[in-house]
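**Student:** Take this structure, written in structure tokens, and hold onto it; I'll ask about it next.
Protein chains: 2
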Amino acid sequence: MTLTARALDGVPEIAADTDLALLLAERAGAPLHDGDVVVVAHKAVSKAEGRVRRLGEVEPSPRAVELAAAHDKDPRHVQVVLDETAELLRAARGVLICVTHHGFVCANAGVDASNAADSDTLILLPLDPDASARALRARLRELTGAAPAVVITDSFGRAWRHGQTDVAIGVAGLAPLVDWRGRTDSVGRELRATWIALADEVAGAADLARDKDSRQPLVIVSGLDRHVLPADDDGPGAAALLRGASEDLFR
Amino acid sequence: MTLTARALDGVPEIAADTDLALLLAERAGAPLHDGDVVVVAHKAVSKAEGRVRRLGEVEPSPRAVELAAAHDKDPRHVQVVLDETAELLRAARGVLICVTHHGFVCANAGVDASNAADSDTLILLPLDPDASARALRARLRELTGAAPAVVITDSFGRAWRHGQTDVAIGVAGLAPLVDWRGRTDSVGRELRATWIALADEVAGAADLARDKDSRQPLVIVSGLDRHVLPADDDGPGAAALLRGASEDLFR
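Taken in sequence, the protein lines are chains A and B. Sequence positions in the first sequence follow this note's numbering and run 1 to 251. Sequence positions in the second sequence follow this note's numbering and run 1 to 251.
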């Protein structure tokens, strides 16, 4: 089996009214297929959905002022992070590790200043990234007749390991997890004893196809047909990837 | 840019005297290139290096007996895990989360019974996976004249998210991390504000190319030429991916 991941060139700046599915269909260079997976960096989705905040319009709370002073940050930026945060897990060495309202555990609740249109603008995570993925898949189908899967990604740090990898924050039409635990092959040998976070591996593979900068938010991954769901089944989404606090050993 | 990952078919059972580089060169189907990345599931490396233990030869310590009773495990298996463990971080719900002697944080110190030759055999992580990767790269160069990068992988669980993803435990000839923090493009816009764990994304991408079972330990990833180091430079290896305990917020 061969997997391919191809980043689309020439994607223009995304605005609040950009039709991402139309942009994808126009820039894909080749027809999209049902078995393809379209991978979209969340910033493109967030900008298209207007999920941005302007620092000039933020009034920091006393808690934001206090945290900002302790961690050498802009109190308005911290306030935006707190607004996106359900629980602050750690605040240390200038890093705020948050549980977002969606349940993602990540730095700064996914709030990011880079690649914003200007330095006064912060980009948030989509309000409901699984819904965003489903809407994008439906719109792609409407425009092209094909129903590729959609994965929306962000770059998250990890416990224990340096660096960030892209992970799935929204999924439609792809099995987010593949469970091989306990299965045996035709002659009774155990198959891979793993429960594979497929959508996260797809997010990382797509990131590898990108050039050095972020003006390549759109990547098409092919070769995963066996994991792409039928057009009328979006699957459980990236929500299925979240380990709840009660079953998590590291909070 | 297009990334491709191709799993090699027809790889025979790996024995303690298997020349993995020769096997790779023979099964590659096409000549290897300097810019390729050869991704090898660690079990193939561990078997070739004889990094296995037989349960029948293990004498469990009182601590292993106690942990095994508390977590419904075979005390001999637990003893092997403890032998591979520098620090036991958590023991809960039948899972032992360990820091290995290498510094990896993972379940059961990477000790695995699946895909062993028989049910009495446990497969350990390589003693020094970066050295294994370097040796494999050197031998590939000797055999083929090409010096592709080598990444040795295992499937690790994560904090906060369900499922496992393949990560790099040994690397030679590939930049394990790519640092774009603070860099700006030609017109002064900030590039991707990330420190990318490239080798981990490569490990995950390779896993996606595998079929449903684990008899495809060898995957060739192409399209990453810009990250592959010259033949005489193996780089810092997967050791560079390890976050030390003193800088880790989640232990």
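Think of the CB as a built atom: it goes at the ideal place given N, C-alpha and C, for glycine as much as any other residue. Values in this document were obtained by computation on a predicted structure and should not be read as measured data.
In angstroms with no decimal places, state the Cα-to-Cα distance between residue 155 of chain A and residue 60 of chain B.
**Tutor:** Reading the first sequence from its first residue, position 155 is the one you call residue 155 of chain A. Reading the second sequence from its first residue, position 60 is the one you call residue 60 of chain B. Rounded to the nearest angstrom, the two C-alpha atoms are 43 Å apart.
**Student:** For residue 119 of chain A, which option in A:110, A:78 and A:55 has the closest C-alpha, if you only look at C-alpha atoms?
**Tutor:** Translated into the one-based positions of the first sequence, residue 119 of chain A becomes position 119. Here the closest residue by C-alpha is A:55.
**Student:** I'd like the list of long-range same chain contacts for residue 101 of chain A, defined as Cβ closer than 8 Å, with 5 residues on each side in sequence excluded.
**Tutor:** The residue labelled residue 101 of chain A in the question sits at position 101 within the first sequence. For residue 101 of chain A, where only same-chain residues beyond five positions count, the Cβ hits under 8 Å are 84, 85 and 86.
**Student:** So does the segment 127-144 of chain B actually touch the segment 221-241 of chain B, counting three or more Cβ pairs closer than 8 Å?
**Tutor:** Output reads yes: the segment 221-241 of chain B touches the segment 127-144 of chain B.
**Student:** On the DSSP bridge assignment, give the partners of residue 228 of chain B in chain order.
**Tutor:** Working through the second sequence from its first residue, we reach residue 228 of chain B at position 228. Looking at the DSSP assignment, residue 228 of chain B forms a beta bridge with B:174.
**Student:** Which whole-angstrom value describes the C-beta separation of residue 174 of chain B and residue 227 of chain B, a residue pair presumed to lie in contact below a C-beta threshold of 8 Å?
**Tutor:** Counting from one through the second sequence, the residue named residue 174 of chain B turns up at place 174. Counting from one through the second sequence, the residue named residue 227 of chain B turns up at place 227. That pair is a contact at about 6 Å.
**Student:** With a 10 Å radius around its C-beta and 16 neighbouring C-beta atoms as the bar for buried, classify residue 252 of chain A as buried or exposed.
**Tutor:** Given that chain A is displayed from residue 1 to residue 251, the structure contains no residue 252 of chain A and the question cannot be resolved.
**Student:** Strictly under 8 Å for the Cβ-Cβ distance: is residue 161 of chain B near chain A by that measure?
**Tutor:** In the second sequence, counting from the first residue as 1, residue 161 of chain B sits at position 161. Output row for residue 161 of chain B: interface = yes.
**Student:** In the segment 138-161 of chain B, which residues sit with their C-beta less than 8 Å from some C-beta in chain A, listed in chain order?
**Tutor:** Those residues of the segment 138-161 of chain B that come within reach of chain A (Cβ to Cβ, closer than 8 Å) are 155, 158, 159, 160 and 161.
**Student:** Whose Cβ in chain E lies nearer than 7 Å to the Cβ of residue 194 of chain A?
**Tutor:** Within the model displayed, chain E is absent; protein chains A and B are what it includes.
**Student:** For residue 47 of chain A and residue 66 of chain B, what's the separation of their Cα atoms in angstroms?
**Tutor:** In the first sequence, residue 47 of chain A corresponds to position 47, counting from 1. In the second sequence, residue 66 of chain B corresponds to position 66, counting from 1. About 55 Å.
**Student:** Can you pull the chain B neighbours of residue 2 of chain A, defined as C-beta to C-beta under 9 Å?
**Tutor:** As a working note, residue 2 of chain A is residue 2 in the first sequence. Per Cβ cutoff of 9 Å: 4, 5, 6, 7 and 209.
**Student:** Do residue 37 of chain A and residue 255 of chain A have their beta-carbon atoms positioned less than 8 Å apart in this structure?
**Tutor:** Residue 255 of chain A lies beyond the stretch modelled for chain A, which goes from 1 to 251, so this question has no answer here.
**Student:** Since residue 6 of chain A and residue 152 of chain A are thought to touch, with beta carbons under 8 Å apart, how far apart are those beta carbons, to the nearest angstrom?
**Tutor:** To locate residue 6 of chain A, count along the first sequence from 1; it is residue 6. To locate residue 152 of chain A, count along the first sequence from 1; it is residue 152. 18 Å between Cβ atoms; not a contact.
**Student:** Taking only beta carbons into account, state which residues of the segment 90-107 of chain A come closer than 7 Å to chain B, listed in chain order.
**Tutor:** Listed by position, the residues of the segment 90-107 of chain A near chain B (Cβ gap below 7 Å) are 90, 92, 97 and 105.
**Student:** Return the CA-CA distance between residue 17 of chain A and residue 23 of chain A, expressed in angstroms with no decimal places.
**Tutor:** Here residue 17 of chain A is taken as the residue at index 17 of the first sequence, counted from 1. Here residue 23 of chain A is taken as the residue at index 23 of the first sequence, counted from 1. Cα-Cα distance, rounded: 12 Å.
**Student:** Return yes when the Cβ of residue 172 of chain A is within less than 8 Å of the Cβ of residue 205 of chain A, no when it is not.
**Tutor:** Working through the first sequence from its first residue, we reach residue 205 of chain A at position 205. Working through the first sequence from its first residue, we reach residue 172 of chain A at position 172. Not closer than 8 Å, so no.
**Student:** Beta-carbon of residue 201 of chain B versus every beta-carbon of chain A: anything under 8 Å?
**Tutor:** The residue labelled residue 201 of chain B in the question sits at position 201 within the second sequence. Residue 201 of chain B counts as touching chain A.
**Student:** I think residue 306 of chain B touches residue 58 of chain B, with their Cβ atoms under 8 Å apart; what is that distance to the nearest whole Å?
**Tutor:** No answer is possible for residue 306 of chain B: the residues shown for chain B start at 1 and end at 251.
**Student:** Looking at the C-beta of residue 177 of chain B, does it have a partner C-beta in chain A at a distance below 8 Å?
**Tutor:** If you number the second sequence from 1, residue 177 of chain B lands on position 177. Residue 177 of chain B counts as touching chain A.
**Student:** Closer than 7 Å by C-beta to residue 240 of chain B: which residues in its own chain qualify, once you throw out the five before and the five after it? Chain order, please.
**Tutor:** In the second sequence, counting from the first residue as 1, residue 240 of chain B sits at position 240. Excluding sequence neighbours, residue 240 of chain B sits near 176 and 177.
**Student:** With burial defined as no fewer than 16 other Cβ atoms inside 10 Å of the residue's Cβ, what is the status of residue 246 of chain B: buried or exposed?
**Tutor:** Here residue 246 of chain B corresponds to residue number 246 of the second sequence, with the count starting at 1. Residue 246 of chain B comes out exposed.
**Student:** Considering just the uninterrupted stretch of the beta strand (DSSP E) at residue 154 of chain B, what are its terminal residues?
**Tutor:** The count along the second sequence starts at 1 and reaches residue 154 of chain B at position 154. Per DSSP, residue 154 of chain B belongs to the beta strand (DSSP E) from 149-157.
**Student:** Take the Cβ of residue 31 of chain B as the centre, count every other Cβ of all protein chains shown within 10 Å, and call the residue buried at 16 or more, exposed below.
**Tutor:** Translated into positions along the second sequence, residue 31 of chain B becomes position 31. Flag for residue 31 of chain B reads exposed.
**Student:** Do residue 147 of chain A and residue 19 of chain A count as a contact pair if the criterion is CB distance below 8 Å?
**Tutor:** Counting from one through the first sequence, the residue named residue 19 of chain A turns up at place 19. Counting from one through the first sequence, the residue named residue 147 of chain A turns up at place 147. No, Cβ-Cβ distance for residue 19 of chain A and residue 147 of chain A is not below 8 Å.
**Student:** Specify the secondary structure class of residue 246 of chain B as computed by DSSP and reduced to three states.
**Tutor:** Position 246 of the second sequence, counted from the start, is the residue given in the question as residue 246 of chain B. Helix at residue 246 of chain B.
**Student:** Does any C-beta atom of chain A lie closer than 8 Å to the C-beta of residue 237 of chain B?
**Tutor:** Here residue 237 of chain B refers to the residue found at position 237 when the second sequence is read from its first residue. No, its Cβ sits nowhere closer than 8 Å to a Cβ of chain A.
**Student:** Counting C-beta neighbours from all protein chains within 10 Å, is the total for residue 13 of chain B 16 or more, i.e. buried, or is it exposed?
**Tutor:** Locating residue 13 of chain B in the second sequence gives position 13, counting from the first residue. Residue 13 of chain B comes out exposed.
**Student:** What is the C-beta distance between residue 72 of chain A and residue 94 of chain A, in whole angstroms, given that I count them as a contact (C-beta under 8 Å)?
**Tutor:** Along the first sequence, read from residue 1 onward, the residue named residue 72 of chain A stands at position 72. Along the first sequence, read from residue 1 onward, the residue named residue 94 of chain A stands at position 94. With 8 Å as the limit, residue 72 of chain A and residue 94 of chain A qualify as a contact, their Cβ atoms being about 6 Å apart.
**Student:** So what does DSSP say about residue 208 of chain B, is it helix, strand or coil?
**Tutor:** Reading the second sequence from its first residue, position 208 is the one you call residue 208 of chain B. Helix at residue 208 of chain B.
**Student:** Any idea which residues DSSP pairs residue 164 of chain A with across the strands?
**Tutor:** By 1-based counting over the first sequence, the position of residue 164 of chain A is 164. DSSP lists A:157 and B:196 as partners of residue 164 of chain A.
**Student:** Would you say residue 248 of chain B lies against chain A (beta-carbon separation less than 8 Å)?
**Tutor:** As a first step, residue 248 of chain B is located in the second sequence; it is residue number 248 there, counting from the start. Output row for residue 248 of chain B: interface = yes.
**Student:** Pop quiz: residue 149 of chain B and residue 163 of chain A are said to be a contact at Cβ under 8 Å. What is the actual Cβ separation, rounded to whole angstroms?
**Tutor:** Against the second sequence, residue 149 of chain B aligns to sequence position 149. Against the first sequence, residue 163 of chain A aligns to sequence position 163. With a Cβ gap of about 17 Å, residue 149 of chain B and residue 163 of chain A do not count as contacting.
**Student:** Taking residue 51 of chain B and residue 124 of chain B to be in contact with their CB atoms under 8 Å, please state how far apart those CB atoms are, rounded to whole angstroms.
**Tutor:** Position 51 of the second sequence, counted from the start, is the residue given in the question as residue 51 of chain B. Position 124 of the second sequence, counted from the start, is the residue given in the question as residue 124 of chain B. With a Cβ gap of about 4 Å, residue 51 of chain B and residue 124 of chain B count as contacting.
**Student:** Just checking: is the beta-carbon of residue 205 of chain B within a distance shorter than 8 Å of some beta-carbon in chain A?
**Tutor:** The residue labelled residue 205 of chain B in the question sits at position 205 within the second sequence. Judged by the 8 Å Cβ criterion, residue 205 of chain B is in contact with chain A.
**Student:** If distances are taken between C-alpha atoms only, which option among A:243, A:222 and A:235 comes closest to residue 2 of chain B?
**Tutor:** Position 2 of the second sequence, counting from 1, holds the residue named residue 2 of chain B. For residue 2 of chain B, the nearest C-alpha among the options comes from A:222.
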